[in-house]
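For the sequence shown, our numbering begins at 11 and goes up steadily by one.
What follows is a short report on a single structure.
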Amino acid sequence: MKLCSMNKDFILFCCLHCGPLSRSTIDEKCSLPKEQLDRNKTFLARLIDTYGSCAVLAMEGDLVVAHARFYPQIIYDQFEFCCQDPNHAITQEMVEMKLPPLANPAERILRITCFLVHEDYQGQGLSHKLIDAILEWAKNNAWKSVKCFAYPDNYWLSSEMCTPMLRTYSKHGFRKIGTVMIPEAKDLLQQMKNGELGAERQKEFEKICGNKDLSEFSTFYEIERQL
Numbered sequence: 011m012k013l014c015s016m017n018k019d020f021i022l023f024c025c026l027h028c029g030p031l032s033r034s035t036i037d038e039k040c041s042l043p044k045e046q047l048d049r050n051k052t053f054l055a056r057l058i059d060t061y062g063s064c065a066v067l068a069m070e071g072d073l074v075v076a077h078a079r080f081y082p083q084i085i086y087d088q089f090e091f092c093c094q095d096p097n098h099a100i101t102q103e104m105v106e107m108k109l110p111p112l113a114n115p116a117e118r119i120l121r122i123t124c125f126l127v128h129e130d131y132q133g134q135g136l137s138h139k140l141i142d143a144i145l146e147w148a149k150n151n152a153w154k155s156v157k158c159f160a161y162p163d164n165y166w167l168s169s170e171m172c173t174p175m176l177r178t179y180s181k182h183g184f185r186k187i188g189t190v191m192i193p194e195a196k197d198l199l200q201q202m203k204n205g206e207l208g209a210e211r212q213k214e215f216e217k218i219c220g221n222k223d224l225s226e227f228s229t230f231y232e233i234e235r236q237l
């Protein structure tokens with residue numbers, strides 16, 4: 011298994027929900043609209059040109075089996091976007107925007123936004139390796155801190171939300187700085203509860219969450235690691 015920062019040799023412009031991906035299979039397996047994929051490719055390539063990278067990939071041979079995406083906090087604060095979710099797609103405005111140079115040291119805060127280990131490769135410590143790789147990349151590229159959201163204590167839900175648990179991050183020196191309720195997480199849980207995402211996920215939801223208030227499961231820790 012090899013971990014590497016993403017570069018323009020292979021841009022992972024969609025996520026691993028359709029399985030491990032390679033250069034030769036990504037176009038075939040990714041079912042998003044072509045115009046969305048083209049915007050993803052262009053925007054991610056611009057981020058790489060400007061900041062050096064925007065993701066760490068775990069590779070087994072030529073397959074990406076896990077990834078963690080990260081962006082400058084200043085961009086995250088302006089736009090809520092996702093390479094996969096059509097409701098929060100990268101827009102043409104983002105593709106054409108002037109990317110800030112981050113000359114001010116106080117602006118050099120990195121945000122981990124999407125963290126996904128394909129189910130066939132879970133339980134092998136890849137989450138820890140991805141976090142270590144991001145921290146090393148950030149230190150080597152003069153970032154001052156790394157922020158992200160972490161799920162409190164539920165492994166199944168953390169996997170569903172593509173967000174590692176707090177105790178995973180805590181082992182790497184991250185500290186809690188606040189909590190936040192994420193409406194999109196609540197919406198996703200409601201879809202599971204209603205069976206809109208399939209009977210299997212509905213059963214898992216009923217087993218894990220029961221009839222508890224969905225707001226409880228939609229509250230995440232805001233955490234940070236100083237570098």
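In this text, a Cβ means the ideal position worked out from N, Cα and C, and glycines have one as well.
It should be emphasised that the depicted structure is a prediction, and the values quoted were computed from it without experimental measurement.
Legend entry - Buried/exposed call for Ala209, threshold 16 Cβ in 10 Å: Your numbering for residue 209 matches position 199 in the sequence shown. Looking at its Cβ environment, which holds fewer than 16 other Cβ atoms inside 10 Å, Ala209 is exposed.
Inset, instruction - Select from Phe20, Gln46, Arg49 the residue whose C-alpha is nearest the C-alpha of Thr35. - result: As a position in the sequence shown, residue 35 is number 25, starting the count at 1. Ranking the options by Cα distance to Thr35, first place goes to Phe20.
Inset, instruction - Give the DSSP-derived three-state secondary structure of Leu237 in the structure shown. - result: Counted from its first residue, the sequence shown places residue 237 at position 227. Coil.
Legend entry - Start and end residues, alpha helix (DSSP H) containing Tyr131: If you number the sequence shown from 1, residue 131 lands on position 121. From DSSP, Tyr131 is part of no alpha helix (DSSP H); its letter is neither H nor E.
Inset, instruction - Starting from Ala209, trace the alpha helix (DSSP H) both ways and give me its first and last residue. - result: Working through the sequence shown from its first residue, we reach residue 209 at position 199. Taken as a continuous stretch (DSSP letters only), the alpha helix (DSSP H) holding Ala209 covers 209-219.
Legend entry - Three CB pairs or more closer than 8 Å across the segment 63-75 and the segment 38-48: no
Inset, instruction - Confirm, please, whether the CB-CB distance from Leu73 to Pro111 is below 8 Å. - result: Counted from its first residue, the sequence shown places residue 111 at position 101. Counted from its first residue, the sequence shown places residue 73 at position 63. No, the Cβ-Cβ distance between Pro111 and Leu73 is not below 8 Å.
Legend entry - Cutoff 7 Å; reference Phe227; Cβ partners in own chain excluding five residues on either side: Taking the first residue of the sequence shown as 1, we reach residue 227 at position 217. Hits under 7 Å: Leu167, Leu199, Cys219.
Inset, instruction - Could you say which of Cys158, Asp48, Ser225 lies nearest to Tyr231 if we only look at CA atoms? - result: In the sequence shown, residue 231 corresponds to position 221, counting from 1. Nearest option by C-alpha distance: Cys158.
Legend entry - At least 3 beta-carbon pairs within less than 8 Å: the segment 177-186 vs the segment 94-103: no
Inset, instruction - Please report how far the alpha carbon of Thr60 lies from the alpha carbon of Gln236, in whole angstroms. - result: One-based indexing of the sequence shown puts residue 60 at position 50. One-based indexing of the sequence shown puts residue 236 at position 226. C-alpha separation (whole angstroms): 22 Å.
Legend entry - contact_flag[the segment 189-207, the segment 116-125] where n(CB pairs < 8 Å) is 3 or more: no
Inset, instruction - Determine the DSSP secondary structure at Met171, reduced to helix, strand or coil. - result: Residue 171 sits at position 161 when you count from the first residue of the sequence shown. Three-state result, Met171: coil.
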